[in-house]
Amino acid sequence: KAGVTQTPRYLIKTRGQQVTLSCSPISGHRSVSWYQQTPGQGLQFLFEYFSETQRNKGNFPGRFSGRQFSNSRSEMNVSTLELGDSALYLCASKVMGTGGHYGYTFGSGTRLTVV
Amino acid sequence: AQTVTQSQPEMSVQEAETVTLSCTYDTSESDYYLFWYKQPPSRQMILVIRQEAYKQQNATENRFSVNFQKAAKSFSLKISDSQLGDAAMYFCAYRSDVNRDDKIIFGKGTRLHILP
Numbered sequence: 001k002a003g004v005t006q007t008p009r010y011l012i013k014t015r016g017q018q019v020t021l022s023c024s025p026i027s028g029h030r031s032v033s034w035y036q037q038t039p040g041q042g043l044q045f046l047f048e049y050f051s052e053t054q055r056n057k058g059n060f061p062g063r064f065s066g067r068q069f070s071n072s073r074s075e076m077n078v079s080t081l082e083l084g085d086s087a088l089y090l091c092a093s094k095v096m097g098t099g100g101h102y103g104y105t106f107g108s109g110t111r112l113t114v115v
Numbered sequence: 001a002q003t004v005t006q007s008q009p010e011m012s013v014q015e016a017e018t019v020t021l022s023c024t025y026d027t028s029e030s031d032y033y034l035f036w037y038k039q040p041p042s043r044q045m046i047l048v049i050r051q052e053a054y055k056q057q058n059a060t061e062n063r064f065s066v067n068f069q070k071a072a073k074s075f076s077l078k079i080s081d082s083q084l085g086d087a088a089m090y091f092c093a094y095r096s097d098v099n100r101d102d103k104i105i106f107g108k109g110t111r112l113h114i115l116p
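First to last, the sequence lines map onto chains A and B.
Under this note's numbering, the first residue of the first sequence is numbered 1, with each subsequent residue one higher.
Under this note's numbering, the first residue of the second sequence is numbered 1, with each subsequent residue one higher.
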């Protein structure tokens, strides 16, 4: 099975612009979560989608939004970029394994730099 | 709110030796999962080991094992026979199993150096 694919791997944007990041989960995985990783704050939960519905949202401003398509691919959008949005954005897909135990597989992330 | 604390920002261990990474967490819940993830320079988070809170037996995966102390809310990772490929950031993480949401709470991480 292919892993979780995130595109692009690197992105440089200017303050005030908007950006869209993409995540394709492992085939058959319907849950996709997004995380922001910065040196100062560490890894912070952004939101989670399941079957095209947002099920949970972290403590981020409304400039951060996302969506999920019928094929489970997910996008996250950040509008009016700020310097502090520079981070590694990771997505993870979840699968229910044997015995009802969950597993999470992460992508390699998109490194966003805001200048 | 749940929190995860890793008190060791960096650690070093000689190749082939054993090292233990510490993690404590705070929660009022009784049902949850704990994880150790490894993040090498490739950036991808790789699951090292998982522990279900209802299980008293400590999880093991080859050279990796945990010491899960539920009452003390402690979840340390032991790496035996350390190898150069073990060098990475290690994150301790918590996921509630009460609301079944998929929010994982991560610690700040421990950078592990392997000395040849």
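Ideal placement from N, C-alpha and C gives every residue a C-beta, glycine not left out.
A quick note: this is a predicted structure, and the numbers were derived from the prediction, not measured.
At the 9 angstroms Cβ level, is residue i part of the contact set with chain A, yes or no?
i	result
B:Lys122	The structure shown has nothing for residue 122 of chain B, since chain B only spans 1 to 116.
B:Arg111	no
B:Tyr121	Outside the shown range of chain B (1 to 116) lies residue 121 of chain B, about which nothing can therefore be said.
B:Phe68	no
B:Phe91	yes
B:Arg63	no
Which chain B residues are close to residue i, counting only those with a beta carbon under 7 angstroms from its beta carbon?
i	result
A:Tyr10	Under the 7 angstroms cutoff, chain B gives no residues; its nearest Cβ is about 11 angstroms from A:Tyr10.
A:Phe106	Gln44 and Met45
A:Gly109	Arg43
Is residue i buried or exposed, if buried means 16 or more other CB atoms sit within 10 Å of its CB?
i	result
B:His113	exposed
B:Phe68	buried
B:Thr110	buried
B:Gly107	buried
A:Ala87	buried
A:Tyr84	Here residue 84 of chain A is Gly; the residue named in the question, Tyr, does not match the sequence. Exposed, by the Cβ-count rule.
B:Gln39	buried
Starting from the beta carbon of residue i, find every residue of chain A whose beta carbon is closer than 9 angstroms, and list them in chain order.
i	result
B:Ile104	Ser33, Tyr35, Leu43, Phe45, Ala92 and Tyr104
Using a Cβ cut-off of 8 angstroms, pull out every chain B residue sitting near residue i, in sequence order please.
i	result
A:Arg55	Asp101 and Asp102
Applying a beta-carbon distance threshold of less than 8 angstroms, which residues of chain A neighbour residue i?
i	result
B:Lys108	Gly42
Looking at chain B, is there any beta carbon in it that lies within less than 9 angstroms of the beta carbon of residue i?
i	result
A:Phe50	yes
A:Gly58	yes
A:Gly84	no
A:Gly3	yes
Give the residues of chain B in contact with residue i, contact being defined as C-beta atoms less than 9 angstroms apart.
i	result
A:Leu88	Arg43
Give a yes or no on whether the minimum CB-CB distance between residue i and chain C is below 9 angstroms.
i	result
A:Gly66	The chain labelled as chain C is not found among the protein chains of the depicted structure, namely A and B.
Segment contact flag, the segment 15-25 of chain A with the segment 70-78 of chain A, C-beta cutoff 8 angstroms, min 3 pairs: The answer is yes - the segment 70-78 of chain A touches the segment 15-25 of chain A, with three or more Cβ pairs under 8 angstroms.
Does the segment 102-112 of chain A come close enough to the segment 7-20 of chain B that 3 or more CB-CB pairs lie under 8 angstroms? Under the Cβ criterion (8 angstroms, minimum of three pairs), the segment 7-20 of chain B does not count as touching the segment 102-112 of chain A.
Inter-stretch contact at 8 angstroms, needing at least 3 Cβ pairs: the segment 83-97 of chain A / the segment 79-99 of chain B: With contact defined as three or more Cβ pairs closer than 8 angstroms, the segment 83-97 of chain A and the segment 79-99 of chain B are not in contact.
Restricting to runs no shorter than 4 residues, where is the alpha helix (DSSP H) found entirely within the segment 23-48 of chain A? Taking 4 residues as the minimum length, the segment 23-48 of chain A contains no alpha helix (DSSP H) run wholly inside it.
Counting pairs of Cβ atoms below 8 angstroms between the segment 45-63 of chain B and the segment 28-35 of chain B, do you hit three or more? Between the segment 45-63 of chain B and the segment 28-35 of chain B there are three or more inter-stretch CB-CB distances shorter than 8 angstroms, so the stretches are counted as touching.
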